[in-house]
Structure formats: C-alpha cells, structure tokens
Amino acid sequence: MKRLLFLLLILSQSALANCWNKEAHYYHVDPYLLYAIANVESGMNPYAVGKNHDGTIDVGLMQINSTHFTALEQHGISERRLMTEPCTSIMVGASILSGMIKVYGYNWEAVGAYNAGLKKENYPKRMVYAHKVWEKYQQLKSVAHERNDW
C-alpha cells in the first residue's frame, strides 16, 4: 500500500511538472515564473479560496479571480475544475499572465498586473506584488541552478 501511494505521488508530481512546462511553452512564459506566482498566490494549495475586498473571490492553485468565471464557463472551465484540476488552473493562470504581458510587455509590471489588475491607480500594488513574485522566482532559480535543473 505504501509503495502504491509513493508511486501515485511520484506520478502526480511528474504530471504536474509537465503542466508547468507545457503551459509555459504554449503561452511563452518562464515555467519558474508561473510556479513563483502560484507559490505567492496560493502557497501551492490547489484548493485555496481567497476573498477580496471588492466581493470577488480567487480560487485554485493560481488563484483565478471570479471576474473570469463567465468567460471561462464558455470554454467548459468551471470554478470547481479550477480547484480540482491543478493543470487547468495553471493553464488559465498562464493565459491571464500572457494577456498582461501583451499589455505591458515581458516585465515585472505585467507580473504585478496578474494580481493587481490594469487600473492606473493600482501601479503601487502591482509593484509590491511583483517584488514578492520576484523574490520567490529568485529562490526557485537558485535551487534549480544548484540542482542543474535549468
């Protein structure tokens, strides 16, 4: 039984690793950046739910905001799927980040917009968030470099 659980854990981690790489490649973003965002957003908890001051909620590994739910449902992606299918959350998160990059270019303001949105007055929030992600990103890249995993 323990061997089976261990095998399932290894296989699920491997499948999840494939999700990071697949979606990063498809959306032309660094997989470590996606991973850093998920770490900052949910602490890597696929079941995370965050309640915002404006009445919206964020769900899943990538903390997808409820303002996206209507558009996502047109593509067969429900709130439940975002919470029960980490790869779906990664795909949607990568898509959102890609959209922010189209607006701001491939820079840290685009990363900040993933969380704080596009409003001009949210610039300070974008930069605070981007710095958090940058710190996590640097940690991840350092570990990857030590493991020769990059």
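The sequence shown runs -17 to -1, 1 to 133 under mature numbering (1 follows the signal peptide of the UniProt record, and there is no 0).
Quick reminder that beta carbons are idealized off the backbone N, C-alpha and C, glycines included.
- Taken atom to atom, the span from the alpha-carbon of Ala19 to that of Glu6 is near 14 Å.
- The criterion of a C-beta distance shorter than 9 Å is satisfied by Ala113 and Gly95.
- The alpha-carbon of Pro107 is positioned some 21 Å away from that of Ala21.
- With fewer than 16 other CB atoms across the displayed protein chains lying within 10 angstroms of its CB, Arg130 is exposed.
- Contiguous alpha helix (DSSP H) elements confined to the region 36 to 123 occur at 52 to 56, 62 to 67, 69 to 87 and 91 to 99, taking only those with 4 or more residues.
- Your pair Val12 and Ala77 checks out as a contact, with CB atoms roughly 6 Å apart and the cut at 8 Å.
- Scanning its chain for C-beta atoms nearer than 7 Å, with the 5 sequence neighbours on each side dropped, one finds around Pro29 the residues Gly43, Leu44, Met66, Pro69 and Ser72, in chain order.
- The Cβ atoms of Leu80 and Ala93 lie closer than 9 Å to each other.
- Taking the Cα positions, Ala31 is about 28 Å away from Val86.
- Counting the other Cβ atoms within 10 Å of the Cβ of Leu17 gives 16 or more, which makes it buried.
- Following the DSSP letters along the chain, one finds Val23 inside the alpha helix (DSSP H) bounded by residues Pro14 to Ser25.
- Nearest neighbour of Ile84 by Cα position, chosen from Phe52, Ala54, Tyr10 and Lys124, turns out to be Tyr10.
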